[in-house]
Amino acid sequence: MRLFAAIRLSPAAEDALVYAQDILRRAGRGSFPRREMLHLTLAFLGEVEDIAPAEAAVAALRGTGPFPLTLEGVGRFGDTWWAGIRENPALEALALGLQADLRRRGFFLETRPWRPHITLVRRYRPKGEPPALTLPPVTMEVRQVVLLESLRREGRAVYETRYGVKL
């Protein structure tokens, strides 16, 4: 199974991101993740046969306590547009600690520095000048980390929660 650890977003955060996607959609074309697919990836595990070590790493986060997370701003990696995350020591500690634990348990993760973001659109092609897009701050509380499996159903990508833990 293709697996990753993530934070699901609050309805208010999703609303703000869908609004930003609508602006981009009116000004161009691309591959826009559906509302239910929006998330903040903490660690991409890739193809996993035994989910138990990943569950154990996520379970170790239990009791670390919820923390606020603020979405803010928009950026690009080439033709991929994303929503930014305000600097957040609690988020960084959670993600980097989880990644280190996953590596100790035998997972091979990306070696690039982790940059928290939420993908708004991939392969974006504006019709003219790219739109001037801003994302006002939206704050939510992170209360859970989940393991999501990436699947294809009826030709569409879907994410199914395989495991989750309350912080």
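When we follow my numbering, the leftmost residue of the sequence shown carries the number 94, and every step to the right adds one.
C-beta atoms are modelled at their ideal positions from N, C-alpha and C, and glycine is treated no differently.
Remember, it's a predicted structure, so these values are computed and weren't measured experimentally.
In this structure, V151 keeps its C-beta atom at 8 Å or more from the C-beta atom of Y252. In the structure shown, G199 adopts coil according to DSSP, grouped into three states. With distances taken between CA atoms, P230 lies nearest to L164 out of A105, L164 and L131. Scanning the region 106 to 161 for uninterrupted beta strand (DSSP E) segments of 3 residues or longer gives 121 to 124 and 132 to 140, listed from N- to C-terminal end.
Under the Cβ criterion (8 Å, minimum of three pairs), the region 187 to 207 counts as touching the region 121 to 137. Between the region 238 to 254 and the region 169 to 183 there are fewer than three C-beta pairs closer than 8 Å, too few to call the two in contact. Apart from the 5 residues on each side of it in sequence, T212 sits with its Cβ closer than 7 Å to the Cβ of P126, T173 and W175 in its chain, given in chain order. L240 is positioned such that its CB atom lies closer than 8 Å to that of E148. Taking all protein chains shown into account, E140 has fewer than 16 neighbouring C-beta atoms within 10 Å of its C-beta and is therefore exposed.
In this structure, DSSP gives E185 a helical state, which the three-state scheme calls helix. With respect to the C-alpha of E234, the residue from M94, A183, P223 and A193 having the closest C-alpha is A183. Around the Cβ of L162, a 10 Å sphere holds 16 or more other Cβ atoms; the residue is buried.
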